[in-house]
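Visitor:
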Amino acid sequence: MKNKFIWPACALALGLSLAGCKDALDITPQQSIDASTAYNTAQKVAAGVVGAYARLDNPRLYGTDLVLVPELMGGDGYINWDGSFQNYRQIRAHTQISTLSNSEGIWTQAYGAINQCNLVLDNLSAVTDAGQKSQYEGEVSFIRGTMYFELVRLFAQQYQPGTTNSQPGVPINLTPVTTTEQADTKLARSTVEQVYAQVIKDLQNAIAKLPTQNISRASKYSAEAMLARVYLQQGNYAAART
Numbered sequence: 208m209k210n211k212f213i214w215p216a217c218a219l220a221l222g223l224s225l226a227g228c229k230d231a232l233d234i235t236p237q238q239s240i241d242a243s244t245a246y247n248t249a250q251k252v253a254a255g256v257v258g259a260y261a262r263l264d265n266p267r268l269y270g271t272d273l274v275l276v277p278e279l280m281g282g283d284g285y286i287n288w289d290g291s292f293q294n295y296r297q298i299r300a301h302t303q304i305s306t307l308s309n310s311e312g313i314w315t316q317a318y319g320a321i322n323q324c325n326l327v328l329d330n331l332s333a334v335t336d337a338g339q340k341s342q343y344e345g346e347v348s349f350i351r352g353t354m355y356f357e358l359v360r361l362f363a364q365q366y367q368p369g370t371t372n373s374q375p376g377v378p379i380n381l382t383p384v385t386t387t388e389q390a391d392t393k394l395a396r397s398t399v400e401q402v403y404a405q406v407i408k409d410l411q412n413a414i415a416k417l418p419t420q421n422i423s424r425a426s427k428y429s430a431e432a433m434l435a436r437v438y439l440q441q442g443n444y445a446a447a448r449t
């Protein structure tokens, strides 16, 4: 007699489980935001600017590596690494490879910050206040130019004054990436000259757009100071002085 109830019970359980699955599959994903609505208001654009700043605090950027790594790689002889992390020992000895977590992390996080800036720049039309719009453009232009400057310093040959600087630099991408297909696209490396030209263009735009005073965020003088560093790296001392 007990066997008579097995199949009806199984059918009922299967039906309930399928109904439950249908409800679960119909929910809106909580782990991502639709690209078409992510920056469609001024408030969302403002949050995107804050997000660009937040990325700079990553340990692979100014949270650690963009401060420590250039010092370890420098030739002044005053900085050494006596810690237990082998990655930094390799960096100090100039024996690191492209798959080193620090190198890969700097590359990935810097381009993540650049893409955040591109997203903001692509959606500035959502901001109707002219003053805010100008400031947001200046801020993300400053961040993007700074990231490209750090990338070309660390992943390309040094800028050589008086030459064409046609040696490979890093890829330049000025459009936002919003799909996995776009993220998988391999961009060619621009020349060192082209990367420096983009850095200078971004920083000059930042100087034109940013306010002269801003306690907690980038200002006109922040961009001028970074541009002076770029000119010094190029050996353009006259431009750096001005």
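Remember, our numbering sits 207 above the position in the sequence shown when you count from 1.
Where is the CB? At the ideal position from N, CA and C, for every residue including glycine.
Quantities reported herein were computed from a predicted structural model and do not represent experimental measurements.
(1) Quick one, which of 269, 278, 351 has its alpha-carbon nearest residue 410's?
(2) Please classify residue 422 as buried or exposed, where buried requires at least 16 other C-beta atoms within 10 Å of its C-beta.
(3) Could you please give the first and the last residue of the uninterrupted alpha helix (DSSP H) stretch that includes residue 409?
(4) Is the Cβ-Cβ distance between residue 347 and residue 403 less than 8 Å?
(5) Determine the direct distance from the alpha carbon of residue 343 to that of residue 253, and round the result to whole angstroms.
(6) Put residue 266 into one of helix, strand or coil per three-state DSSP.
(7) Counting contacts by CB-CB distance shorter than 8 Å, is residue 361 in contact with chain C?
(8) I need the straight-line Cα distance from residue 275 to residue 374, nearest angstrom please.
(9) Would you call residue 208 buried or exposed, if buried means 16 or more other Cβ atoms sit within 10 Å of its Cβ?
(10) Could you check if residue 247 is buried or exposed, using at least 16 other CB atoms within 10 Å of its CB as the buried criterion?
(11) Cβ of residue 440 within 8 Å of Cβ of residue 355?
(12) Put residue 375 into one of helix, strand or coil per three-state DSSP.
(13) Considering only C-alpha positions, which residue in the set 273, 378, 406 is nearest to residue 395?
(14) Please report how far the alpha carbon of residue 319 lies from the alpha carbon of residue 262, in whole angstroms.
(15) Out of 427, 341, 381, 447, state which residue places its alpha-carbon closest to the alpha-carbon of residue 323.
(16) Expressed to the nearest angstrom, what Euclidean distance is found between the alpha-carbon atoms of residue 349 and residue 294?
(17) Kindly give me the distance between the Cβ atoms of residue 425 and residue 434, rounded to whole angstroms, as I take these residues to be in contact under 8 Å.
(18) Where does the unbroken alpha helix (DSSP H) through residue 277 begin, and where does it stop?
(19) Grouping DSSP H, G and I as helix and E and B as strand, with all else coil, what is residue 356?
Guide: Working from what's here:
(1) Taking only the C-alpha atoms, the option nearest residue 410 is 351.
(2) Counting of Cβ neighbours within 10 angstroms places residue 422 among the exposed residues, the total staying below 16.
(3) 399 to 416
(4) Their beta carbons are not under 8 Å apart, which means residue 347 does not touch residue 403 by this criterion.
(5) Taking C-alpha positions only, residue 253 is separated from residue 343 by approximately 7 Å.
(6) coil
(7) Although the question refers to chain C, the structure presented lacks it and comprises just one protein chain.
(8) Residue 275 and residue 374 have their C-alpha atoms some 26 Å from each other.
(9) Caution is warranted here: a pLDDT of 47 is assigned to residue 208, below 50, making its placement in the model unreliable, and no coordinate value can be reported.
(10) exposed
(11) Between residue 440 and residue 355, the gap from beta carbon to beta carbon reaches 8 Å or more.
(12) strand
(13) 378
(14) As the crow flies, the alpha-carbon of residue 319 is around 8 Å from that of residue 262.
(15) 381
(16) 30 Å
(17) With 8 Å as the limit, residue 425 and residue 434 do not qualify as a contact, their Cβ atoms being about 12 Å apart.
(18) 272 to 280
(19) helix
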